[in-house]
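Participant: Dropping a structure here in structure tokens format, bear with me for questions.
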Ligand SMILES: [Zn+2]
Ligand SMILES: [Zn+2]
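This is the structure in structure tokens:
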């Protein structure tokens, strides 16, 4: 059984449903909690006015549905130094921060664009060099060391990194490694290292429409088959 789904999107960024629709979808599946984690560069725009609206909509949806709706933000790792696209003052207002690499987020500098982003546009046509993989790995580890990130999202997706090394850094820092229902393929060949990393995990849908909220069973099944210890999955109670 799952307590909640802690990575969902709404029309505050690139999702299709509203906050309340996500909460209702969670309720229909018997979940007690969800996090709405819209992308930082959408939800934090317009001088914070949009984010304040987002917070009150999450509170209203909690009251109305009885599902606890945690307002969150999914930030982007935008530089080789591990910068996130969230300012210090914005950071202070965020209750639940998750972060990952997204190839369509604006990079911090032209150098970051060429060294980090360009290769991801060709989706495997251009192989990532060993040097680049090391740089990317250092960037992600630096992000989890610099910011209060609760969950590292879709590790290994788009940006090629040493998944085992990042997972071990997450274990040390207490950052959860996400098992993302939409990006299981990115763990191919790395499941064993993940299982042995000592990290704790969270299964999430990364739903971009209400119908996908809480759809976690297939990802859980796969993770268990691949040897992830069930007691290391924090939102799963095992029965
Ligand atoms: Zn994402
Ligand atoms: Zn997402």
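In my numbering, the protein residues as written are 44 to 282.
Each residue gets a CB set at the ideal place from its N, CA and C atoms; glycine is no exception.
None of these values were measured; they are calculated from a predicted model.
Can you tell me whether residue 128 sits near ligand 1, meaning its C-beta is under 7 Å from at least one heavy atom of the ligand?
Facilitator: Within the chain shown, residue 128 is the residue found at index 85, counting from 1. It does not: the Cβ of residue 128 is nowhere closer than 7 Å to a heavy atom of ligand 1.
Participant: Excluding five sequence neighbours on each side, which residues of the same chain lie with their C-beta closer than 6 Å to the C-beta of residue 58?
Facilitator: Indexing the chain shown from 1 puts residue 58 at position 15. Excluding sequence neighbours, residue 58 sits near 52 and 251.
Participant: Among 148, 69 and 101, which one has its Cα closest to the Cα of residue 128?
Facilitator: Translated into positions along the chain shown, residue 128 becomes position 85. Nearest of 148, 69 and 101 to residue 128, Cα basis: 148.
Participant: Going by beta carbon distance, what residues of the same chain come within less than 8 Å of residue 107, once the five residues before and after it are set aside?
Facilitator: The count along the chain shown starts at 1 and reaches residue 107 at position 64. Only 63 and 66 meet the Cβ criterion.
Participant: Go to residue 109, then tell me how far its beta strand (DSSP E) extends in each direction, as first and last residue.
Facilitator: As a position in the chain shown, residue 109 is number 66, starting the count at 1. Residue 109 -> no beta strand (DSSP E), and no H or E assigned at all.
Participant: Buried or exposed, going by whether 16 or more other CB atoms sit within 10 Å of the CB of residue 164?
Facilitator: Here residue 164 refers to the residue found at position 121 of the chain shown. Counting of Cβ neighbours within 10 angstroms places residue 164 among the exposed residues, the total staying below 16.
Participant: With 16 as the cutoff for other CB atoms within 10 Å, does residue 157 come out buried or exposed?
Facilitator: For the purposes of this step, residue 157 is taken as the residue at position 114 of the chain shown. Result: exposed.
Participant: Roughly how far, in whole angstroms, is the beta-carbon of residue 278 from the beta-carbon of residue 49, given that I think they are within contact range, below 8 Å?
Facilitator: Within the chain shown, the letter at position 235 stands for residue 278. Within the chain shown, the letter at position 6 stands for residue 49. Right, their Cβ atoms sit about 6 Å apart.
Participant: Checking 8 Å against the spacing of the C-beta atoms, do residue 34 and residue 206 come in under that value?
Facilitator: With the chain running from 44 to 282 in the structure shown, residue 34 is simply not present.
Participant: Please list, following the chain, all residues that have a C-beta closer than 7 Å to any non-hydrogen atom of ligand 1.
Facilitator: 117, 143, 145, 196, 197 and 249
Participant: Is residue 80 near ligand 2 - that is, is its Cβ less than 7 Å away from at least one heavy atom of it?
Facilitator: The sequence position of residue 80 within the chain shown is 37, counting from 1. Result yes, Cβ under 7 Å from ligand 2.
Participant: Which value, in whole angstroms, describes the spacing of the CA atoms of residue 179 and residue 124?
Facilitator: Position 136 of the chain shown, counted from the first residue, corresponds to residue 179. Position 81 of the chain shown, counted from the first residue, corresponds to residue 124. Distance between the alpha carbons of residue 179 and residue 124: 9 Å.
Participant: Secondary structure at residue 222, three-state DSSP: helix, strand or coil?
Facilitator: Walking along the chain shown from the start, residue 222 turns up at place 179. Strand at residue 222.
Participant: Measuring CB to CB, does residue 192 end up less than 8 Å from residue 113?
Facilitator: The residue you call residue 192 lines up with position 149 of the chain shown. The residue you call residue 113 lines up with position 70 of the chain shown. One thing to note: residue 192 has its Cβ no nearer than 8 Å to the Cβ of residue 113.
Participant: Out of 110, 242 and 81, which has the shortest C-alpha to C-alpha gap to residue 96?
Facilitator: On the chain shown, position 53 is the one that residue 96 refers to. Measuring from the Cα of residue 96, the nearest candidate turns out to be 81.
Participant: Which one or two residues does DSSP pair with residue 51 in a beta bridge?
Facilitator: Position 8 of the chain shown, counting from 1, holds the residue named residue 51. In DSSP, residue 51 forms a bridge with 79 and 250.
Participant: Any chance the CB of residue 200 is under 7 Å from a heavy atom of ligand 2?
Facilitator: For the purposes of this step, residue 200 is taken as the residue at position 157 of the chain shown. Residue 200 Cβ: outside cutoff for every heavy atom of ligand 2.
Participant: With distances taken between CB atoms, is the gap from residue 79 to residue 115 smaller than 8 Å?
Facilitator: Taking the chain shown and counting its residues from 1, one reaches residue 79 at position 36. Taking the chain shown and counting its residues from 1, one reaches residue 115 at position 72. Yes, they are a contact pair.
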